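Student: One structure is given below, represented as structure tokens, and several questions about it will come after.
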Amino acid sequence: MKGKVLGTRVSIRAAPRPHDHVSGGDLSATTQPTRRREELDLPASFKWLVQSPLRSGLVRFLHSRTNEAFGVAALMQRFGRLQQDVENCLRELVAFGVARRAPGTRSRYEATRPGDVAVCRLLDRFLAQQEAVSSEDRSPAVQRFREMIGTDEKMVIVFEWIRTAAKSDIAVLMLGPTGSGKEVVARMIHELSRRGAGRFQAVNCAALPDTLFESELFGYEKGAFTGAHERKPGRIELAHNGTLFLDEIGDLSIMAQAKLLRVLEDKKVERLGGRHSIEVNFRLISATNRPLDQWVQDGRFREDLYYRVNAFSIRLPSLRERASDIPLLAHRLLVRYCDANGLAADSKSIDQGALDLLGTYHWPGNIRELESTISRAAVSAPGNVIRAEDVQFLHPVEPVERSRTQLSSLREAERVHIQLVLEEVAWNKKQAAKILEISRGTLYRKIGEYHMEPHQPEPTAAAQPSDR
Ligand SMILES: Nc1ncnc2c1ncn2[C@@H]1O[C@H](COP(=O)(O)OP(=O)(O)O)[C@@H](O)[C@H]1O
Ligand SMILES: [Mg+2]
């Protein structure tokens, strides 16, 4: 029933376009175009205001720092959200009187007390409820998930999105770097949703060549092709009444994209060699670490499919962005290691020196890499306590060390990196743009902006790194 409310709203929402993409947090900001605040009574409209995770996050954030004003860029960074989302939400908060533009500047925002006494009361009650709101659901599943997710402010917001997504039945796209927990979150959404009792079918699209795509997803009848000795239901069919999780969806070929789109539109599948189509009712969650919106513009990913899979998106921060969670995760992953090796949960520990060291690393493989680093350290530690000297990184000291000796501006680093890539691919701009994950147009613009040319003489400027 909870899902129905959200589902109804979503149906009136126009599909997002890649450039004005709206992600999870302000879903309700974009889905209530017809209901004006004036038409609602005050408590209801306040409830609507704080129903969006991003708006409620912004209200709490600004009101916990009443002496400071924040620019849109800082808030985008803090909440890991796109500019348009943040601006839309801020506009709503300002209209409601709970935030305002800081005097003297054009684009900084700060908390303010609403002029209306009744709104003040609602605001105070909301702010006081902060703890209660996030612990309102005390079911073991929610507790377990909250435990997993961490305490960094960014993840607390993500958790609110997860709950919002779980209440509805719309397609969710998980974004974020590899190892950041996209699959973990997809399972959480499934388990918290009304489909939780159904199956969760995970398919790794990157590992699925076109030749296997149909038999894996649609299934086959006995004798459909050589080697089809038995009838086999496809993953989509198995996900009936449950959730289909398409991992690495960006890696689907154009052919596979077309076939998937058809199933999403028809809600029917036909097994290979079968005569009947089977009605399927599943919830779709996809994940990718690719820049899908860019790929839509480049024609590598179908635009219509993009809209289908991306009704609601949740972006997971990298481990570096949620560094305050590293000690918590390290302890938890160590307990997991002990568990997997038949040891008592508290038989191993990590000392402060090791925790400090873990906090200095850049974690390109995110939580997955933290997990393997902890396991390695637990194995190599002679005793039960993991110390700094037991910790070995997969990509040791790289950017941290170098940046200490060669501090350059972001702009300079970008210029040097683009030049490096261009030279590596002999100035093939298509290839370079692909490696850089930017459009060719952007690449041309940057080449012009930085006055780059092939075969430049050895750089002489002081800011050039000497170890290229
Ligand atoms: N919040 C978390 N707490 C503990 N372990 C986590 C958490 N998020 C992810 N992991 C672990 O990190 C690894 C990578 O997670 P996964 O969801 O597969 O990442 P992704 O799909 O983004 O590559 C898994 O072993 C998972 O159990
Ligand atoms: Mg994954």
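In our numbering, the protein residues as written are -16 to 451.
Even for Gly, the Cβ is constructed at its ideal location relative to N, Cα and C.
Computed from a prediction, not measured in an experiment: that's the story for all the values here.
#1: Which of the three DSSP states, helix, strand or coil, is assigned to Val263?
#2: What's the call for Ile418, buried or exposed, on a 16-neighbour Cβ count within 10 Å?
#3: What number of angstroms, rounded off, separates the C-alpha of Pro36 from the C-alpha of Trp144?
#4: By how many angstroms is the C-alpha of Ser391 removed from the C-alpha of Leu191?
#5: If you draw a straight line from the C-alpha of Thr95 to the C-alpha of Leu73, how long is it?
#6: Out of curiosity, what's the CA-to-CA distance linking Pro382 and Gly424?
#7: Round the Cβ separation of Val168 and Met157 to the nearest angstrom and send it over; I've been treating them as touching at under 8 Å.
#8: Since Arg84 sits in a beta bridge, which residues does DSSP pair it with?
#9: Name the DSSP bridge partner or partners of Asp230?
#10: Counting along the chain, where does the beta strand (DSSP E) carrying Ile297 start and finish?
#11: Taking 7 Å as the cut-off, is the CB of Lys137 close to at least one heavy atom of ligand 1?
#12: Could you check where the beta strand (DSSP E) with Val252 kicks off and where it finishes?
#13: Ligand 1 heavy atoms versus the CB of Arg146: any closer than 7 Å?
#14: From which residue to which residue does the alpha helix (DSSP H) around Met435 run?
#15: Which residues in the same chain as Ser39 place their Cβ atom closer than 6 Å to its Cβ, once the five residues preceding and following it in sequence are excluded?
#16: Applying the 10 Å Cβ sphere with the 16-neighbour rule, what's the burial state of Gly164?
#17: Please state whether DSSP places Phe142 in a helix, a strand or coil.
#18: Grouping DSSP H, G and I as helix and E and B as strand, with all else coil, what is Pro216?
#19: Please find out if some non-hydrogen atom of ligand 1 comes closer than 7 Å to the beta-carbon of Gly98.
#20: Where does the unbroken alpha helix (DSSP H) through Leu377 begin, and where does it stop?
#21: My understanding is that Ser332 touches Val368, with C-beta atoms under 8 Å, so please give their C-beta distance in whole angstroms.
#22: Is there at least one non-hydrogen atom of ligand 1 closer than 7 Å to the beta-carbon of Gln167?
#23: Using only alpha-carbon positions, find the residue among Asp68, Ala56, His46, Arg177 that is nearest to Cys103.
#24: Please determine, among Ala328, Val374, Met59, Arg303, the residue with the shortest C-alpha to C-alpha distance to Asp334.
Tutor: Working from what's here:
#1: coil
#2: exposed
#3: 6 Å
#4: 42 Å
#5: 12 Å
#6: Unreliable positioning characterises Pro382 in this predicted model, as indicated by a pLDDT of 48, which lies under 50. The coordinate reading is nonetheless provided below. In a straight line, the C-alpha of Pro382 is about 29 Å away from that of Gly424.
#7: 6 Å
#8: Tyr92
#9: Asn187
#10: 295 to 298
#11: no
#12: 251 to 253
#13: no
#14: No alpha helix (DSSP H) contains Met435, which DSSP labels as neither H nor E.
#15: Val33
#16: buried
#17: helix
#18: strand
#19: no
#20: No alpha helix (DSSP H) contains Leu377, which DSSP labels as neither H nor E.
#21: 5 Å
#22: Note that residue 167 corresponds to Val in the displayed sequence, not to Gln. The answer is yes for Val167.
#23: His46
#24: Val374
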